[in-house]
Structure formats: C-alpha cells, structure tokens
Amino acid sequence: MIKKITLSALLLISFSTFAQLNGPVGHLTIFSEDGDKFTLILNGEVINDIPQTNLRVEDLNQPYYNAKIKFEDQSLMDISKNNLMLTDVDGVFADVTYKIKRDKNNKTKMKLNYFSSIPVRPDFIPPSNVHVIHYGQPRPVAVQQTVGGVSQTTTTTTTQTGGATMGVGVNVGGVNMGITINDTMGGGSVTQTTTTTTTNVGGTHAVDYDEPVRGCNGRTCMTPGNFNAALATIKKQSFEDTRLKTAKQVITANCLNVDQIIQIANTFNFEDNKLDFAKYAYDYCIEPRNYFKLNGIFSFSSNVDELSDYVQSRQ
C-alpha cells in the first residue's frame, strides 16, 4: 500500500510540474487608428518582420514588457513604452488591446494608449483582419537581396508541431522505474516559405531599453494608519479647491501606492480636479508601472487619453 501511495504521489507531482510548463498567459493586440503600418519589438525581440496595421501577439507569459514600435513610414516617430501591462488590476493575465494614434498637435508624433481589456478566452477567434503571431514560436527569418534594382525579401517560417516530452525517474521498493510523459497533440514540423517584393527597404535601428525604476526614489508608501488619517483630513475640507490643495500638501511630503492615489482622487467631484491630482501624484507613486489603474476613475475617455499621454511623456 505504501509503495502504491508513493508512486501515486510522485506521478501527481510529475504531472503538476508538466502542467506548469504551460502556465497562464496573456494576449496583446495593437492597432493603428489611422492605418499606419508598424513593427513591434518586445523586450528587444522583433515580433513581426512585415509591418502590420493590426497585430495580435498571443501566449505572452510575462506580466510586463518593454515595447518599441517602429513605423514603415520613417517620417513617423518611434514609440517607446516601458512596462506595457498584460494583467488586470488583480494581476490576472488578460487579453489587452492598445491603440496607436497621432498627436493632434504634431502629426509625426505617435502615441500608444490603452484601449480595452477582456478576460483570456481559450476559444477566442481573432477577426480576419488581424495578423496573429504566437509568441515563443520561431519567428519568420527574412533574407533580403537585390534583383534588377528591386529589393526582394524572402521570409521563411518553420513551425514545430511536435509535442513536449518529460522523463520521470521513480524508485519504488528499490526498483527503478522510468516514466515518460508525452504531449501527443501533434508531431513533425511544417516549413512555409513566402516571398514578398518591395521597392523600398528601411534601415535598421538600435533598440535601447531602460530597466524598470521604482518610483518616489525607492521609498515606501504611507502606512495604513497615517494614510487613513490623511484621507480623513482631506475629506473634511468643505471646498473642492481646498481639498485639492490639502491632497497635494499631503503627498508632497509622502509617497503613495496606486490604490492610495485612487482613494484620494475619488474624493473629488470634478474630473478636472481628478486629472490635476492624478498628474501631480505621479512623481510620488512608488509603482508607476501600475499607473494605468487610474484610468478607471474617469468617466470621459479624453481624460484617460490625457493622463496616458502625460505618463508616457514622463517615462
């Protein structure tokens, strides 16, 4: 009986370890509002060799990515965004969509703003106009050559459809047993080659990313007791202008986390004051990469865009 229990326990642990190989993932969709074709770079890795206007990257296993977007039209400015978020407010992986738009005051300056988020659905079928790439699979390899003055690009993609295999050694009563667990969902590989001919080939660009930096000079946020006392003082102010001044006075001498900033922002009735405070508080936030959570305090999308633009300008 003990031998059977031991074998069952080891098998359970083995299957659990095998299951962790396919952990939770998120999906990322980026589309261009004006149809500008772009190339996406995540953590220094080029995702799509052929520029797209609507790109979906599936099976991303990190909650944050450093992203860079380069446009086929080289007159358009690149976009760099650190800590691109792929989880919801509770840290659960989500299916997140971001939108590229042009700056209303500078048509060559591009912006990347949060657009929407839904729970990850395994049965989700992307629209036919979206170019889908599965992260982690071999990226298409592009080889360029010039033929008769025309630049020709040959892109070769190799997709491995074979399953994963894991071996487990089990010792039961002095007898060694070898157990092999196979993922039999598929086998073999398929190579697909496509050729695209263009007359203009853009140059290459260096990619440089900054490591994530903890906000507020690395200090910790207010303790719950001190924060509750400060929040009560802010709420006691009869006039909203006085409440805003008091709130700014509080955070000038302290650091806050995102949830504390949201609680203070929600004491204001007018969205202009919420936006003013949200901008002011950014420098005093210990977790700037989670600042997107403040989007939920606004009723008007224009305020969400303005805060997103402000945060992006500070990164």
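Using mature numbering (1 follows the signal peptide of the UniProt record, and there is no 0), the letters of the sequence shown map in sequence onto residues -19 to -1, 1 to 296.
Ideal placement from N, C-alpha and C gives every residue a C-beta, glycine not left out.
Minimum Cα-Cα distance from Arg200 among the listed residues Thr20, Val70, Pro269 and Asn47 corresponds to Pro269.
With a cut-off of 8 Å on Cβ pairs, the region 13 to 22 is in contact with the region 46 to 61, counting three or more such pairs. Under the three-pair Cβ rule at 8 Å, the region 64 to 79 counts as touching the region 268 to 283.
Rounded to the nearest angstrom, the Cβ distance from Gly16 to Ala75 is 26 Å, too far for a contact under 8 Å.
Under the DSSP assignment, Leu65 falls outside any alpha helix (DSSP H), being part of the beta strand (DSSP E) whose first and last residues are Ile60 to Met66. With a cutoff of 8 Å on beta-carbon distance, Lys85 and Met58 are scored as not near each other. Ranked by how close their Cα comes to the Cα of Val101, the residues Glu53, Lys88 and Leu41 have Leu41 in first place.
Take the alpha-carbon of Phe279 and the one of Glu53: they are about 34 Å apart. Val38 and Glu221 have their C-alpha atoms some 44 Å from each other. Residue burial is scored here from C-beta neighbours: Val77 has at least 16 other C-beta atoms within 10 angstroms and is therefore classed as buried. Fully enclosed beta strand (DSSP E) runs of no fewer than 3 residues are not present anywhere in the region 210 to 243.
Relative to Ser98, the option among Val73, Asn209, Pro32 and Tyr263 whose CA is nearest is Val73. Taking each of Asn29, Leu225, Lys92 and Gln230 in turn and checking the Cα distance to Tyr291, the smallest one comes out for Lys92. In this structure, DSSP gives Arg37 an extended state, which the three-state scheme calls strand. Residue environment for Phe105: exposed (fewer than 16 other C-beta atoms within 10 angstroms of its C-beta).
Note on geometry: alpha-carbon atoms of Glu287 and Tyr261 lie some 13 Å from one another. DSSP places Leu57 in the coil class of the three-state scheme, outside both helix and strand.
Assigned with DSSP and collapsed to three states, Arg270 falls in helix. Going by C-alpha positions, Asp253 is about 19 Å away from Val231. The beta carbons of Met203 and Ala211 sit closer together than 8 Å. Taken through DSSP and simplified to helix, strand or coil, Arg200 comes out as coil.
If you compare the alpha carbons of Thr248, Tyr265, Asn35 and Lys18 with that of Thr10, the shortest gap goes to Asn35. Assignment of beta-bridge partners to Pro100 by DSSP yields Ala75. Spatial neighbours of His112 in its own chain (CB-CB distance under 6 Å, excluding positions within 5 residues in sequence) are listed in chain order as Gln33 and Leu36. The beta carbons of Tyr79 and Tyr95 sit about 6 Å from each other, so the pair counts as a contact at 8 Å. Going by DSSP, Asn284 is part of the alpha helix (DSSP H) stretching over Ser282 to Arg295. Leaving aside the five residues that flank Thr248 on each side, the residues in its chain whose CB is nearer than 7 Å to its CB run, in chain order, Ile215, Lys216 and Arg224.
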